[in-house]
Each structure stands twice: as structure tokens, then as C-alpha cells.
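Engineer: Quick note: the sequence shown uses my numbering, first residue 2, plus one each step. Don't be surprised by glycine CBs; every beta carbon is placed ideally from N, CA and C. For clarity, every value in this text was computed on a predicted model and none was experimentally measured.
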Amino acid sequence: MTAVHNAALAVLYLLFLLPLLLGVFSIFRKPLPTDRLIESLLGLSLAGTGFLAWAGEQTFDLPISFLGEWVSLSISMTAVVLYALLVVGLGVLLHVNRVRQERSLLRSERVLLAFSLSFGVLAFFSNQFMIRYMALEAVGLLAALAACLSFDREDYHRFKNIFLTLRIGDMGLLASILMILPESGTLAIPEMVDAAIALPLPRRSWIAAGFIFAGMVKMGVIPFMDWQKQAWSIKNSPGVWIPGFLMPGLGMYLLYRIYPVLASIPLFRIGLPVFAAVLIVSQIAAGFLEKRVHPRFVRMGSILNSFVLLIAASGSGKLLRDYFLGLILYRFIVYLQERNPKGQKKRLIDFFPVMMNLTVLVLHWEVFSPLGRWAWIGLSVCVSVWDQLLARRAETGEGVEAQVLKPGSGMLMPWAEKFYQVFEINLFSRGVVRLMDCFTRLVNGLHQKVEINVLSQGLENLAALFGKAAGWTQRNFEMGFDRTWTGLGTILTKVSAGWLRGFENNADQKVVIWTEDVMQSVDEREQEIQSRPLRRDLAWIPILMLVILGFLYILQGG
Numbered sequence: 002m003t004a005v006h007n008a009a010l011a012v013l014y015l016l017f018l019l020p021l022l023l024g025v026f027s028i029f030r031k032p033l034p035t036d037r038l039i040e041s042l043l044g045l046s047l048a049g050t051g052f053l054a055w056a057g058e059q060t061f062d063l064p065i066s067f068l069g070e071w072v073s074l075s076i077s078m079t080a081v082v083l084y085a086l087l088v089v090g091l092g093v094l095l096h097v098n099r100v101r102q103e104r105s106l107l108r109s110e111r112v113l114l115a116f117s118l119s120f121g122v123l124a125f126f127s128n129q130f131m132i133r134y135m136a137l138e139a140v141g142l143l144a145a146l147a148a149c150l151s152f153d154r155e156d157y158h159r160f161k162n163i164f165l166t167l168r169i170g171d172m173g174l175l176a177s178i179l180m181i182l183p184e185s186g187t188l189a190i191p192e193m194v195d196a197a198i199a200l201p202l203p204r205r206s207w208i209a210a211g212f213i214f215a216g217m218v219k220m221g222v223i224p225f226m227d228w229q230k231q232a233w234s235i236k237n238s239p240g241v242w243i244p245g246f247l248m249p250g251l252g253m254y255l256l257y258r259i260y261p262v263l264a265s266i267p268l269f270r271i272g273l274p275v276f277a278a279v280l281i282v283s284q285i286a287a288g289f290l291e292k293r294v295h296p297r298f299v300r301m302g303s304i305l306n307s308f309v310l311l312i313a314a315s316g317s318g319k320l321l322r323d324y325f326l327g328l329i330l331y332r333f334i335v336y337l338q339e340r341n342p343k344g345q346k347k348r349l350i351d352f353f354p355v356m357m358n359l360t361v362l363v364l365h366w367e368v369f370s371p372l373g374r375w376a377w378i379g380l381s382v383c384v385s386v387w388d389q390l391l392a393r394r395a396e397t398g399e400g401v402e403a404q405v406l407k408p409g410s411g412m413l414m415p416w417a418e419k420f421y422q423v424f425e426i427n428l429f430s431r432g433v434v435r436l437m438d439c440f441t442r443l444v445n446g447l448h449q450k451v452e453i454n455v456l457s458q459g460l461e462n463l464a465a466l467f468g469k470a471a472g473w474t475q476r477n478f479e480m481g482f483d484r485t486w487t488g489l490g491t492i493l494t495k496v497s498a499g500w501l502r503g504f505e506n507n508a509d510q511k512v513v514i515w516t517e518d519v520m521q522s523v524d525e526r527e528q529e530i531q532s533r534p535l536r537r538d539l540a541w542i543p544i545l546m547l548v549i550l551g552f553l554y555i556l557q558g559g
């Protein structure tokens, strides 16, 4: 067991270091067998993932410290299978590129693919959230650089769109990691998931919302599908594997690692499927209303990835793993069919989504509730019909009503081919087209009613409401001001008159009282003087004064 453990760790080292060394070597030197080196590297990667699948799920503690704790790697069967499928898909893309374009890989393509393989290993097999976050950052930068073919203005616009959109998603991932870290005390993913489940429900809901937001951005789910349109613009380059396949696969695996957190929130077990159903229905309606039909790779990638949100909170890891494998396989098939629209595998593409969803439903029947089964079937059929209607609208030079029976492909017996083609014409050329016409008329009718009710009657009612509001304002404010000031003046006049009357009355009363007091004082003084005895000894004073005046006159005369 120890030997297998050490061998698995050595394989992980090789899976990470060999692409990294090839990328560095390709920067400084131009090796001669360019495509052979990449194909050999893919073969070694596929053999390595096969050995990891045989070795089983394990965890490795590396003698490397990061942010105060030892770095650890882990092997899970889901990560091994997803990475192996992506490696096989890259090999198919390189083969198609060599056959169709008859050219070797450019140096920039070789460097970007090598680095993306290396950091993809780190993102899939790291057992620490922060290292996985840094690996996702690196893959996001490589995905944006892959869209720059000539570094002109249009390439810069694609780079900016992809880079900024993926960075916004990484912000949600980083916020969730930082909210868990104080409680977990470690960056190991299993411990952080357990710590998140033990948190209070409001905080746990915010953490789950951050993870869901990051997963939606990386998978290109509406309304974050615009960066996938930018990635599809480089479909003729093998570099499309990075933004078109590797990044959505990493987004799926991110949701796979945190699905226990989603399943632990009762609101998310109900609200998340409802939210996903709203996204699916809104994208179907938008597809009918838009004049421009998006490539099937973009529109179906977005709407089928919305089905992931339907089952993300189911609590079944096997259901998520099987559906992820089907989604990645479908993306590769759609890519090959879009590169060769005249191929013979078109019918398989048309019915693959509904067959995939029904197969997943049958394999995991017990996971779905009765209502969930009907919703899953109904949405799957609607999406398949919607996809084929848009595909037929996008076709040029071939009307839907003018379809005739085509020569058999040789894959089935002639009568089976005839029956299938008649069934296809009756179903899609007549029934589905009429269904689309009915839906279009319904949408137009609703649009006209909404326009009449909202824009015509609504604005008239709004104008009448404003008129009533203005009249009420005039009556209660303008005329009210007059009444208010008049009433206020009357009140002040009455108050002042009353106050003056009171003041005058008080003054008169005070004067009368003061006069009476003075007269009473005079009377009392007179009575006091009269009551005193007459002093006769003072009578000589006037006589003495007369004598003095006489002497003064005599002296003056003399």
C-alpha cells in the first residue's frame, strides 16, 4: 500500500511538472517535433490518470508550507474522470486542427496549452481551497490570453471581457473562502466544508451563494454567457480548449466539492431548483425574442449548465458526477459538429440533450422527487425543441417548409431511415413550427398588451394621477398657505388685542390702587401731625428772625 501511495504521488508530480517544463521550454526554445511533444504529453497524462484511478482515492501531505500549513493533494474519482475526459478531448481537438487546417501549433498555443494542463492538475487535485483558488486564477488568465490571436483591438476586447468576467467570479469564491477560514482554522477543503455546514444558517447561506456565483460564472450560465461567446470566436484554434472546456469543467467540479454545503440549507434545496428553472425559461424566451441566434456551443452550454443548479442541492455526488461527464462529452460533440456542420452526426446532436437528461433521470430515479421528475422531463423536452428550432432558424439556404426526404446515410435500414425522416418532418417541420408560431403570436400578443396597458393606458393613468396630485397640492398647499397666513394673522390680532386690553385694564387698576395708597398716606400723615401737641417754645424763632432782618437793614442803610 505504501508503494502504491508513493507511486501515485510521483504520478501527480509528473502530471504537474511535465506540462509546466514543456511550457517554459517552449518559451525560450522552439522544439522541432512540436505536435509530437504535445501528443506524447497527452498520452502520458492519460496513462497517469488511469493509474490514479487504479490507485484509488488518497490524500498526500507534501513537505511544502503555504500560508502557515502543509500543502496537501487528494485523489478523487470524479476529478480523475473529468480530467481524463478533458485530456482526451484536447487530443481530439489537436487532431481536428491538424487535419482541417494542416498546420502545426503556434508557439503561443503550445505554451498556453502546456501551462493550462499543469494548472488544471493543480485545480483538480489540490486539497486546499486557497491553492485551488490560485490555480483557477491562473487558468482564467490563460483562458483570456488564448483569445488573443493577434493582439489587435478586437483581441484586446476579448481578453478584457473574459479576464474581467472570470475575475468577478473568483471574487465570489474568495469571499466564501475567507468567511469560512476563521471558523475552520485550516485551508483543507474537507475541514472547511464541515466548518461551513456547522455555521449559522444566514452566514452559511452567504457562503453558499458565493460558491454558486463563482460556479455560474465559470460555467458560462446566463447572464454570464457573454465570455463564452468571446471564447467561441477562436473556435478554429486549439486554444479554445482552455476557455471552452477546461474552465467550465473546473466550475462544475467546484460545485461538486461544495454540494454538501448546499444540501445542508433547506432554503437552497427548494429555492435553487426554482432559480434554475427561471433561468432556463428566461433563456428560452430570450432565444425566441432575439433576432440573432447564438452558436449552439454557447446557448446549449449555458442552458444545460443551468440544469446543474437544479441538482446541485440534491445531496447526491454521483448524480452530479454523471451529469458533469455527460455535459463535457456533449460540449466536445457540439464543437465537432459546429466545425463540420454538414456532417452525418447531426441527428445525434439534436437529440443528445434530452437523451442525456432522461438517462440521468433513470439512473438516479430515487434522488428526484415526483414533482422534480416531471419538471426535469418537461424542461428537458422544452430545451431540446427550443434548440432545434433555433438551429433551423440559423440554417441558410434551406427553408423549414421545403424539407424533403434526404438520401439515407447507410447507418440504418432503408425503411427505418424513411420512417425516421417522415417522423422528423412531421414533428419538426410542421408541428414544432406551428408550436413556434403559436408561441411567437402569444409573445407578440403579450408584448402588445403590455405595451398598450403600460405605455398607453399606463401613461394616461399616470398623467391623471399626476394631475390629481397637482390639484391636491394646489388645494392643500397653495390655497392652504393663504388660509394658513390669514388665520395666523387673525389669531395674532386677537391675541394682541386681548393682551392690550388686559394690559390697559391692569394699568388702570394699578393707577387707581397707587392713587388710593398715596391719598391714604397723606391722610395718615395729616392725622399724625394733628395728633401731636403744639410746642409753644418755638414761637420766639420768628421774632428772632425779624430782629435779625432789622439789624441787617440798619447796617445796610448806614
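By how many angstroms is the C-alpha of R37 removed from the C-alpha of L23?
Structural biologist: Translated into the one-based positions of the sequence shown, residue 23 becomes position 22. Translated into the one-based positions of the sequence shown, residue 37 becomes position 36. Cα-Cα distance, rounded: 12 Å.
Engineer: Assign S532 to one of two classes, buried (16 or more other C-beta atoms within 10 Å of its C-beta) or exposed (fewer than that).
Structural biologist: Translated into the one-based positions of the sequence shown, residue 532 becomes position 531. By the neighbour-count rule (16 or more Cβ atoms within 10 Å), S532 is not buried but exposed.
Engineer: Tell me whether F352 is buried or exposed, calling it buried when 16 or more other Cβ atoms sit within 10 Å of its Cβ.
Structural biologist: As a position in the sequence shown, residue 352 is number 351, starting the count at 1. Classification for F352: exposed.
Engineer: Quick one, which of F125, V262, Q231, Y554 has its alpha-carbon nearest A196's?
Structural biologist: The count along the sequence shown starts at 1 and reaches residue 196 at position 195. Out of F125, V262, Q231, Y554, V262 has the C-alpha closest to the C-alpha of A196.
Engineer: For a test of the three-state rule: what should DSSP assign to N105, helix, strand or coil?
Structural biologist: Looking up residue 105 in the sequence shown gives position 104. Asn is not the amino acid found at residue 105; the sequence shown has Ser there. The answer is coil: DSSP assigns S105 none of H, G, I, E or B.
Engineer: Given F552, which residues of its chain have a CB within under 8 Å of its CB, disregarding the five upstream and five downstream residues?
Structural biologist: Residue numbering aside, residue 552 sits at position 551 when the sequence shown is read from its first letter. Counting only Cβ-Cβ distances below 8 Å, and skipping sequence neighbours, we find nothing.
Engineer: Candidates P274, L337, A287, R293: which alpha carbon is nearest N306's?
Structural biologist: The residue labelled residue 306 in the question sits at position 305 within the sequence shown. Comparing Cα positions, the closest option is P274.
Engineer: Buried or exposed: L547, going by 16 or more other Cβ atoms within 10 Å of its Cβ?
Structural biologist: The sequence position of residue 547 within the sequence shown is 546, counting from 1. Exposed is the call here.
Engineer: Compare the beta carbon distance of K1 and M248 with 8 Å and say whether it is the shorter of the two.
Structural biologist: No answer is possible for residue 1: the residues shown for the chain start at 2 and end at 559.
Engineer: Starting from I65 and walking both ways along the beta strand (DSSP E), at which residues does that stretch end?
Structural biologist: Residue 65 sits at position 64 when you count from the first residue of the sequence shown. That run of the beta strand (DSSP E) goes 59-67.
Engineer: Return the bridge partner residues of A189 from the DSSP annotation.
Structural biologist: Looking up residue 189 in the sequence shown gives position 188. A189 pairs with Q129.
Engineer: Going by DSSP, name the residue or residues bridged to E525.
Structural biologist: Locating residue 525 in the sequence shown gives position 524, where the first residue counts as 1. Its beta-bridge partners do not exist; DSSP assigns none.
Engineer: Which word fits A11, buried or exposed, when buried means at least 16 other C-beta atoms lie within 10 angstroms of its C-beta?
Structural biologist: Locating residue 11 in the sequence shown gives position 10, where the first residue counts as 1. Classification of A11: exposed, given that the 10 Å Cβ count is below 16.
Engineer: What residues match up with S75 in a beta bridge as DSSP calls it?
Structural biologist: Stepping through the sequence shown from its first residue, residue 75 is reached at position 74. Answer is T60, bridged to S75.
Engineer: Any idea which residues DSSP pairs E155 with across the strands?
Structural biologist: By 1-based counting over the sequence shown, the position of residue 155 is 154. For E155, which the question treats as bridged, DSSP gives no partner whatsoever.
Engineer: Taking the straight line between their C-alpha atoms, what separation do you get for A4 and A144?
Structural biologist: On the sequence shown, position 3 is the one that residue 4 refers to. On the sequence shown, position 143 is the one that residue 144 refers to. Rounded to the nearest angstrom, the two C-alpha atoms are 37 Å apart.
Engineer: Within its chain, find whatever has a CB closer than 6 Å to the CB of F120; leave out the 5 residues flanking it on each side and keep chain order.
Structural biologist: Locating residue 120 in the sequence shown gives position 119, counting from the first residue. Contacts found: A136, A139, V140.
Engineer: By Cβ distance, which residues of its chain are closer than 6 Å to L545, with the 5 residues on each side in sequence left out?
Structural biologist: The sequence position of residue 545 within the sequence shown is 544, counting from 1. So the list is empty, once near-sequence residues are dropped.
Engineer: My guess is that M301 and D388 are in contact by the Cβ rule of under 8 Å, so how many angstroms apart are they, rounded?
Structural biologist: Working through the sequence shown from its first residue, we reach residue 301 at position 300. Working through the sequence shown from its first residue, we reach residue 388 at position 387. About 6 Å; that satisfies the 8 Å criterion.
Engineer: Using the rule of at least 16 other Cβ atoms within 10 Å of the residue's Cβ for burial, across every protein chain shown, is I281 buried or exposed?
Structural biologist: The sequence position of residue 281 within the sequence shown is 280, counting from 1. With 16 or more Cβ atoms within 10 Å of its Cβ, I281 is classed as buried.
Engineer: Taking 8 Å as the cut-off, decide whether the C-beta atoms of I243 and L113 are in contact.
Structural biologist: One-based indexing of the sequence shown puts residue 243 at position 242. One-based indexing of the sequence shown puts residue 113 at position 112. Yes, the Cβ-Cβ distance between I243 and L113 is below 8 Å.
Engineer: Return the CA-CA distance between P371 and W377, expressed in angstroms with no decimal places.
Structural biologist: One-based indexing of the sequence shown puts residue 371 at position 370. One-based indexing of the sequence shown puts residue 377 at position 376. Each residue's Cα considered, the two are about 10 Å apart.
Engineer: Quick one: what's got a C-beta closer than 7 Å to I190's C-beta in the same chain, skipping five residues either side?
Structural biologist: Your numbering for residue 190 matches position 189 in the sequence shown. Cβ neighbours of I190 beyond the five flanking positions: N128, Q129, F130, R258.
Engineer: What would DSSP say about E291, mapped onto helix, strand or coil?
Structural biologist: Sequence index remark: in the sequence shown, residue 291 carries index 290 (1-based). Residue state, collapsed to three classes: coil.
Engineer: Going by beta carbon distance, what residues of the same chain come within less than 6 Å of V72, once the five residues before and after it are set aside?
Structural biologist: Counting from 1 along the sequence shown, the entry for residue 72 is found at position 71. If we look at V72 and ignore the five residues flanking it on each side, its Cβ neighbours are L63, I65.
Engineer: Between I329 and Q338, how many whole angstroms is the CB-CB distance? I'm expecting something under 8 Å.
Structural biologist: On the sequence shown, position 328 is the one that residue 329 refers to. On the sequence shown, position 337 is the one that residue 338 refers to. No, I329 and Q338 are not in contact; Cβ-Cβ is about 15 Å, not under 8 Å.
Engineer: Does the beta-carbon of R332 have 16 or more other beta-carbons within 10 angstroms, so that it is buried, or is it exposed?
Structural biologist: As a first step, residue 332 is located in the sequence shown; it is residue number 331 there, counting from the start. Looking at its Cβ environment, which holds 16 or more other Cβ atoms inside 10 Å, R332 is buried.
Engineer: How would you write the range of the alpha helix (DSSP H) that E339 sits in, first residue to last?
Structural biologist: The sequence position of residue 339 within the sequence shown is 338, counting from 1. Per DSSP, E339 belongs to the alpha helix (DSSP H) from 318-340.
Engineer: If we count the other Cβ atoms within 10 Å of its Cβ and call it buried at 16 or more, is A287 buried or exposed?
Structural biologist: Residue numbering aside, residue 287 sits at position 286 when the sequence shown is read from its first letter. Under this definition A287 is an exposed residue.
Engineer: For V279, which residues of its own chain have a beta-carbon under 7 Å away from its beta-carbon, when the five flanking residues on both sides are left out?
Structural biologist: If you number the sequence shown from 1, residue 279 lands on position 278. Here the set comprises nothing.
Engineer: If you compare alpha carbons, which of S185, I169, G92 is closest to G211?
Structural biologist: What you label residue 211 is simply residue 210 of the sequence shown in a count that begins at 1. When each option's Cα is compared against that of G211, the closest is I169.
Engineer: Going by C-alpha distance, which of I132, V100, F126, G92 is nearest E70?
Structural biologist: Stepping through the sequence shown from its first residue, residue 70 is reached at position 69. The shortest Cα separation from E70 among I132, V100, F126, G92 belongs to I132.
Engineer: Rounded to the nearest angstrom, what separates M217 and A277 at their Cα positions?
Structural biologist: The sequence position of residue 217 within the sequence shown is 216, counting from 1. The sequence position of residue 277 within the sequence shown is 276, counting from 1. Going by the C-alpha atoms only, they are around 11 Å apart.
Engineer: When the Cα atoms are used, what is the spatial distance from L107 to H365?
Structural biologist: Translated into positions along the sequence shown, residue 107 becomes position 106. Translated into positions along the sequence shown, residue 365 becomes position 364. Near 44 Å, if we compare the C-alpha coordinates of H365 and L107.
Engineer: Ends of the alpha helix (DSSP H) at G252?
Structural biologist: For this step, residue 252 is matched to residue 251 along the sequence shown. Counting along the chain, the alpha helix (DSSP H) containing G252 begins and ends at 248-258.
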